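Here is the structure we will look at, set down as structure tokens.
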Amino acid sequence: MIDEENIERWVKNKIITREQAEKMRADIAVQQSENRSNKFIVALSAVGSVLLGLGLLLLMATYWDTIPNLLKVFILASSTLLTTYLGYVFMYQKRNLPRVGASLIFLGALIFGATIILIAQIYNIPASSHILILLWMLGVLPLVYILKNRLLSGLVAVLFFYWLALFFSPRDLWWFIDALGPLSLVLFVLGCLALLALGGIHYVREDLSRIARMYRLVSLQILMISLFFLSFPFQERYFTNIPLMFSLGVIILAAVTFLLVSVHFFLKNPKKLLAAELPVSVVLLAMMLLFFFYPTALELYAIIFNVILAGFIGILIYSGYNQEDIRLVNIGFFWLFIFIAVKYFDWMWELLPSSVFFIGGGVVLLVAGIFLERKRGNIKKRFVHAP
Amino acid sequence: MNKGTLFLIVALSWTVIIAGFILYYQQPFWSGQEVTIEASFSTSSTAQGQEYLYLRPEHIRGITLTEELAPGEEFFEGDRVYVTLITDRGQVIGVDRVSKTRPEQGEFIRGRIFSLSLHRATIEYGFEQYYIPRGQGATLRESTQRMMHLVVAIDRRGQARVKTLRFQGEELPY
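Chains A and B supply the protein sequences, listed in that same order. Letter by letter, the first sequence follows residues 0 to 386 of numbering that gives the first Met the number 0. Letter by letter, the second sequence follows residues 0 to 173 of numbering that gives the first Met the number 0.
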């Protein structure tokens, strides 16, 4: 984006006249105001859609006991279809309220999921059944590719990870995280690498780049969370009596991930990819398999994962800087701050007297905060907005 | 293909998914075989305040996986299992066999190993959560002393759904 600094330089170098500079400033101001207004409309209609959906579901829940089953199904299914249809009319037929239309379609996708879960409740099926999430995801997927909508892509990406957890859990999401511990994180890391590569493959077609970016941003966030938790030492008990289905799942998911990473590699579409993405994916994949099948020196693994996490944060910041992508830089700096803060408490608590620990901690966090804020601010100023 | 047609296809596929979903879970009620299982229960609520019974069917929930009951098989938590039932006049009175492969004969029910401690397995069948009208849990607990009979419909793949709840031969109105 052209900024004041550029305009002043061009005037000074006599590339443009003072009048042209004024005209450019006025145009930029109008453009910025329009962008802000658009963002406000999107935010307003998205919040409105969510509130409307919540309200409808709460209304249904209030009268749930008194409504006959057939009527419940009819109300839910018809509101799903009606909301999506209204979104379609606003967005494509009348074309007068495209952003509100997109939000209504998103609301339709949410109500579709709620419909499936509430019908499951009629049949006394636990809401933690992975089939419900799979059906929801499969239902929303065609809309993602028809509309190339970021919100819907994000919803599908989140549903994918939720489904993955429920599929491998005999109970619910909490059991998956609590009872499986590091094993669930292995599965999440593999899922993230697969979705990251799949997102990269989407860049082959320019019109899919919004979907690609959303898949990749969601994967990156979940990957960072998983790597962060893997950087702590785990107890051995997690690695005894691993369900066979889980081991098979890890092997199959690793094979799919490897396939996607390979396809991604051979497509050679480096324009929007992270610089070191392919080697990093392969190294992470290998590490996950090694950790899963040979969990012998758990302390050593914790050290290795700390190094990997720190390296990955560095790669994110470097790649974000290189590609002028503020989102990547933000993710990198956010995790750098978390990493420094948490590891300071984790490693220094027993080594230092409490007063020195807190004084040192305060100084480290303040210095880190000032450094990160300044660095991020400088980078942000230079960047063109990423797609 | 224009956007209108694509949307129509999505709307149709959503309708198919919802209808298919209903048909799949409705199937045991239409074509399934009925058995009665004695069950204890507790009451609980979802985060949205919906009240439900947590059913624990007697004889088939906690099973010790002895060599006699499950010859040559190794089990893990999360495994899908088929439990062949011993019935007396339509009432489940015990378990004949537990296997990871679907039996070719006999009345069987499909479940999943919820937890496994030594050889003692807790198996869930997907019908444990049974929604009831709000505020009915306490009344039900007092009047039944936490025991009732479940009339369960089981289809030919072993999928089971609770058809009705009974207490002392009377059908409960849920």
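Note that CB positions come from ideal geometry on N, CA and C, so glycine has one too. Computed from a predicted structure; not experimentally measured.
- At a cut-off of 8 Å between beta carbons, Arg160(B) contacts chain A.
- Taking the CA atoms as reference points, Thr14(B) sits about 8 Å from Ala76(A).
- Against chain A, the CB of Tyr81(B) has no partner CB under 8 Å away; the residue lies outside that interface.
- The C-alpha of Ile153(B) lies about 54 Å from the C-alpha of Asn329(A).
- Shortest Cα-Cα distance from Arg60(B) to any of Pro27(B), Thr4(B), Glu106(B) and Ile36(B) involves Ile36(B).
- Exposed is the label assigned to Asn321(A), since fewer than 16 other Cβ atoms lie within 10 Å of its Cβ.
- Counting other Cβ atoms within 10 Å of its Cβ, Met147(B) reaches 16 or more and is therefore classed as buried.
- Contact annotation, Tyr124(B) with Pro102(B): C-beta distance approximately 15 Å; criterion of less than 8 Å not satisfied.
- Chain order gives the chain A residues near Ala10(B) as Leu80, Thr83 and Tyr84, where near means a beta carbon separation below 8 Å.
- For Val82(B), the three-state secondary structure derived from DSSP is strand.
- Assignment of beta strand (DSSP E) within the region 131-187 of chain A, counting only whole runs of 3 or more residues, yields no such run.
- DSSP places Gly61(B) in the strand class (E or B) of the three-state scheme.
- At a cut-off of 8 Å between beta-carbon atoms, Pro141(A) makes contact with chain B.
- Take Ala340(A), set aside five residues on each side of it, and the residues of its chain with a beta-carbon closer than 7 Å to its own are Leu364, in chain order.
- For Tyr23(B), the enclosing alpha helix (DSSP H) covers residues Lys2 to Ser30.
- Taking 8 Å as the cut-off, the beta carbon of Phe126(B) is found closer than this to the beta carbon of Leu54(B).
- Looking at the DSSP output, Thr35(B) bridges to Gln90(B) and Val150(B).
- Taking 4 residues as the shortest admissible run, the region 104-156 of chain B contains the following complete alpha helix (DSSP H) segments, listed from N- to C-terminal end: 136-143.
- Excluding its 5 nearest sequence neighbours in each direction, Ala69(B) has C-beta neighbours in its own chain below 8 Å: Arg96, Val97 and Ser98, listed in chain order.
- Under the criterion of beta carbons closer than 8 Å, Tyr84(A) and Gly100(A) do not qualify as touching, at roughly 10 Å.
- In the DSSP assignment, Ser43(B) is bridged to Tyr51(B).
- Secondary structure at Thr295(A): coil, using DSSP grouped into helix, strand and coil.
- Relative to Asn34(A), the option among Arg204(A), Val46(A), Arg98(A) and Phe245(A) whose CA is nearest is Arg98(A).
- Between the C-alpha atoms of Ile21(B) and Leu371(A) there is a straight-line separation of about 53 Å.
- For Tyr91(A), a Cβ of chain B is located within less than 8 Å of the residue's own Cβ.
- In this chain, Lys93(A) is not harboured by any alpha helix (DSSP H), its DSSP state being neither H nor E.
- Counting only Cβ-Cβ distances below 8 Å, Ile145(A) has contacts in chain B at Lys2, Leu5, Phe6 and Val9, in chain order.
- The beta carbons of Pro27(B) and Leu149(B) sit no closer together than 8 Å.
- Rounded to the nearest whole angstrom, the CA to CA distance from Ala309(A) to Asn5(A) is 36 Å.
- Contact annotation: in the region 124-149 of chain B, residues whose CB is within less than 7 Å of a CB in chain A are Gly125, Phe126, Gln128, Tyr129, Tyr130, Pro132 and Arg133.
- Taking 8 Å as the cut-off, the Cβ atoms of His58(B) and Val9(B) do not count as close.
- Boundaries of the alpha helix (DSSP H) harbouring Leu259(A): Leu243 to Leu266, taken from the DSSP string.
- Three or more Cβ pairs closer than 8 Å define a contact, and the region 137-153 of chain A falls short of that threshold against the region 182-189 of chain A.
- Using a Cβ-Cβ distance cut-off of 8 Å, the region 151-165 of chain A and the region 104-114 of chain A are in contact, since at least three pairs of beta carbons, one from each stretch, lie closer than that value.
- Following the DSSP letters along the chain, one finds Phe332(A) inside the alpha helix (DSSP H) bounded by residues Ile325 to Met347.
- Within the region 91-114 of chain A, contact with chain B at the beta-carbon level (separation under 7 Å) is assigned to Tyr91, Phe111 and Thr114.
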